[in-house]
Each structure stands twice: as C-alpha cells, then as structure tokens.
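One structure is given here, and the rest of the page talks about it.
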C-alpha cells in the first residue's frame with residue numbers, strides 16, 4: 568500500500584502546496600487576479616447588461632440564473648456593475664502604487680546611498696508621515712484635491728510613500744556596503760552611475776514584492792474612500808461605492824453588500840497570497 572501511494576504523495580504534499588512547482592493556493596490566486604484583469608480590460612465580454620440602466624420592474628431581485636448577483640434598487644444587474652467597476656478600482660490602485668513606488672523609492676534610494684544630511688532630513692520626513700495613519704492621511708489629501716476617484720488614487724499613493732521610502736532606504740544601505748559597489752567606485756564610476764547601475768537593481772527586489780502587496784492595500788483604501796463618498800458619484804460603480812449604496816438595503820437585500828464585498832476580499836486576498844509567494848522565492 569505504501570509503495571502504491573508514494574508516487575501520489577510525491578506529486579502533492581500533505582498541505583497541498585505544490586503541483587508542477589506552483590502552490591495550489593497561488594494558482595487559484597493567479598486565476599482570481601486574471602479574472603479581475605479580464606473584467607477591467609474587456610467588461611463587455613462578461614455581461615450583456617448595461618451597468619447604468621436598469622428595469623425598475625426587476626428591482627431588488629435576489630441572485631438567480633438571469634442575475635447571478637441579483638439587482639439593485641433601480642433594477643440594474645449587480646454583477647454587471649461590479650464588472651464595469653473593476654476597471655476604475657484596479658486602475659486607481661495601479662496609479663496609487665505607481666506614485667508610492669516612484670516617489671517613495673527615489674526618496675529612500677537617494678537617502679540610503681548618499682547618507683549625511685540628505686538621509687537625516689528624509690528620515691525625519693518619513694517618520695512624520697508614518698506617524699499619521701495612512702487612511703487618515705489619504706482622507707486629508709483627497710479632501711484637498713477634490714472628490715474624484717483619480718484624486719482618491721493620488722491620495723492613496725501619497726499615504727504609502729513613507730512605507731516605500733523606508734524599505735528602499737534600508738535596502739540601499741545594505742547594498743551600498745557590498746563589495747561590488749565598492750569595486751565599481753574604485754574603478755572610477757560616478758556616484759550616480761553606481762547608484763543607478765548597481766544599487767538600484769539590487770535594492771529594488773524587496774520593493775517590488777511590497778508593491779504587489781500594496782496593490783491590494785490600495786484597492787481596500789480606495790474602496791474605503793469611495794464608501795465614504797470621496798470617489799466618483801453615482802452612477803459610477805466603483806466597488807466601495809456599490810457597498811455604500813447597498814448598505815441601506817442590508818436587511819432586505821443583503822446581496823447588494825455581500826456580493827461586491829466578496830469580490831473585494833477575494834481579489835485582495837489573492838494579491839496578498841501572490842505577494843507572499845514572491846517574497847518567499849527571493
């Protein structure tokens with residue numbers, strides 16, 4: 568019996584972690600992310616309903632074969648609204664992560680490599696930003712810029728700058744003292760050449776895995792801002808706005824809250840799982 572089961576046990580361990588070199592949970596996470604990406608790129612391929620126009624005679628219908636996630640108070644298909652809202656939610660998160668990576672990464676890279684007064688000033692600025700809760704900072708920034716989804720993305724990116732600056736500074740400090748960086752300097756390379764050629768590529772690995780994790784966090788923050796009314800107004804279908812609109816019908820029509828919330832949780836957890844896997848591979 569043991570001889571018969573050994574090949575099977577070799578193909579997948581007791582935790583179901585690996586088959587073909589990729590953990591099963593990671594494969595599922597990639598599938599969820601792929602579906603969300605497809606929704607964002609070509610939403611019309613996944614639903615034939617108009618996300619902004621509904622039939623009032625079919626309002627507040629429960630999940631069924633015709634409407635998988637039910638309908639809202641205006642008779643609009645909820646799945647269609649979630650699918651069409653994916654593009655705004657995902658693109659906003661990408662903008663937020665891009666701002667955080669570029670601005671925070673550059674600050675941390677320069678501070679960690681050059682040191683001295685630049686490092687001291689940058690460290691104090693980062694400490695101040697880290698002392699402010701990120702969501703509160705995002706609310707302050709978006710209140711200053713205006714209530715739009717793109718402004719919510721900018722605010723989310725600004726609130727994450729300090730995290731990326733600290734991580735990049737730490738990595739730059741470690742790489743700065745390596746033998747190959749000292750050798751490049753002794754061979755006559757300028758400080759900026761050494762910084763961009765040797766320090767940046769080797770210090771960016773941890774930042775890239777953090778960027779994947781921050782992408783999921785950004786989706787949550789932007790959804791939270793939209794829930795509070797800091798995003799685009801209706802008939803926009805951002806995920807956070809859908810949850811906010813459905814909360815008034817939580818008792819009679821709970822799917823209006825549970826469906827978009829489940830999508831947010833599934834996507835964020837999948838991104839988190841992929842980020843952990845990437846960090847484990849480094």
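In our numbering, the protein residues as written are 568 to 849. Ideal Cβ positions, reconstructed from N, Cα and C, are used throughout, including at glycine. Fair warning: this is a prediction, and the values are worked out from it, not measured in the lab.
Residue i bridges to which residues according to DSSP?
i	result
residue 644	638
Using the Cβ count rule (16 or more neighbours within 10 Å means buried), how would you classify residue i?
i	result
residue 590	buried
residue 568	Confidence in residue 568 is poor, its pLDDT being 42 and thus under 50, which makes the residue's placement unreliable; the coordinate value appears in the next sentence. Per the 10 Å Cβ criterion, exposed.
residue 615	exposed
residue 788	buried
residue 764	exposed
residue 606	buried
residue 722	buried
residue 683	exposed
residue 608	exposed
Looking at C-alpha atoms only, which residue of the options is the closest neighbour of residue i?
i	options	result
residue 738	678, 685 and 648	678
residue 691	732, 726 and 815	732
residue 694	795, 730 and 646	730
residue 824	637, 715 and 632	637
residue 667	642, 705 and 634	705
residue 623	642, 725, 630 and 762	642
residue 832	790, 736 and 766	790
residue 665	794, 778 and 792	778
residue 604	655, 588 and 680	655
residue 630	834, 826 and 767	826
residue 724	703, 620 and 741	703
Between residue i and chain B, is the shortest Cβ-Cβ distance under 7 Å, so that the two count as touching?
i	result
residue 781	Protein chain content of the structure displayed is limited to a single chain, and chain B is not contained in it.
Leaving aside the five residues before and after residue i along the sequence, list all residues of the same chain whose C-beta is less than 6 Å from its C-beta, in chain order.
i	result
residue 837	596, 599 and 600
residue 780	842
residue 662	720
residue 816	823
residue 718	709 and 712
residue 701	726
Would you mind giving the Cβ-Cβ distance between residue i and residue j, rounded to the nearest angstrom? I have them listed as a contact below 8 Å.
i	j	result
residue 659	residue 716	5 Å
residue 627	residue 820	5 Å
residue 850	residue 728	The chain is shown from 568 up to 849; residue 850 falls before or after that span and cannot be answered.
residue 812	residue 639	7 Å
residue 743	residue 766	6 Å
residue 808	residue 829	Incorrect: roughly 16 Å between the Cβ atoms, too far for contact.
In its own chain, which residues sit with a C-beta less than 7 Å from the C-beta of residue i, not counting the 5 before and 5 after it?
i	result
residue 592	840
residue 814	824
residue 651	610, 618 and 804
Who are the near neighbours of residue i in its chain, counting only those whose CB is closer than 8 Å to its CB and skipping five residues on each side?
i	result
residue 672	731, 732, 735, 771 and 774
residue 577	Because the pLDDT of residue 577 is 45, which lies under 50, any placement of that residue in the model is unreliable, and the question is left without a value.
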